[in-house]
């Protein structure tokens, strides 16, 4: 059984896909797109990238399916991306990261002792 040989590393493909997905979502109305539309836009945006497996031209969705089990499984790796099911339609939403505005408290007692 032969090994699949991609011309890009798993990290490079992941970085490429995630950065484009975030860009598409951030620049969409309300940071949300229908899943099929997002897939279409992602494939369209990456079609000039040369992605091959065993010297055969593939698209970014083939890469994600092969390395992560599918597009949805890839999206589920990220806390900044949410998948919403509404009336049998799937939507993908970018969640803005507000962690700089939050204080993480591991132990409430220690927090109150320091702030008394």
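In this note's numbering, the protein residues as written are 44 to 159.
Virtual Cβ for every residue (Gly too), placed ideally from N, Cα, C.
All of these numbers come straight from a predicted model, not from anything done at the bench.
With a threshold of 6 Å on Cβ separation, who are the neighbours of residue i within its own chain once the five nearest residues in sequence on each side are excluded?
{"i": "residue 53", "result": "110"}
{"i": "residue 84", "result": "67"}
{"i": "residue 88", "result": "63"}
{"i": "residue 90", "result": "none"}
{"i": "residue 50", "result": "95"}
{"i": "residue 55", "result": "none"}
Residue range of the beta strand (DSSP E) that residue i falls in?
{"i": "residue 124", "result": "124-129"}
Take residue i as the anchor and find which of the options has the nearest alpha-carbon.
{"i": "residue 125", "options": "131, 74, 106", "result": "74"}
{"i": "residue 57", "options": "50, 137, 117", "result": "117"}
{"i": "residue 119", "options": "131, 80, 138", "result": "138"}
Compare the C-beta of residue i against all C-beta atoms of chain D and say whether one is closer than 8 Å.
{"i": "residue 112", "result": "In summary, chain D is missing from the structure at hand, where a single protein chain is found."}
Taking 8 Å as the limit between beta carbons, can you name the residues of its chain near residue i, skipping five residues before and five after?
{"i": "residue 121", "result": "61"}
{"i": "residue 86", "result": "102, 103, 104"}
{"i": "residue 113", "result": "107"}
{"i": "residue 100", "result": "93, 94"}
In the DSSP output, which residue or residues are listed as bridge partners for residue i?
{"i": "residue 136", "result": "75, 125"}
{"i": "residue 11", "result": "With the chain running from 44 to 159 in the structure shown, residue 11 is simply not present."}
First and last residue of the alpha helix (DSSP H) that includes residue i?
{"i": "residue 90", "result": "Here residue 90 belongs to no alpha helix (DSSP H), and DSSP marks it neither H nor E."}
{"i": "residue 118", "result": "114-118"}
Here's the rule: buried if 16 or more other CB atoms are within 10 angstroms of the residue's CB, otherwise exposed. What is residue i?
{"i": "residue 128", "result": "exposed"}
What does a CB cutoff of less than 7 Å around residue i pick up in its chain, not counting 5 residues either side in sequence?
{"i": "residue 78", "result": "133, 134, 135"}
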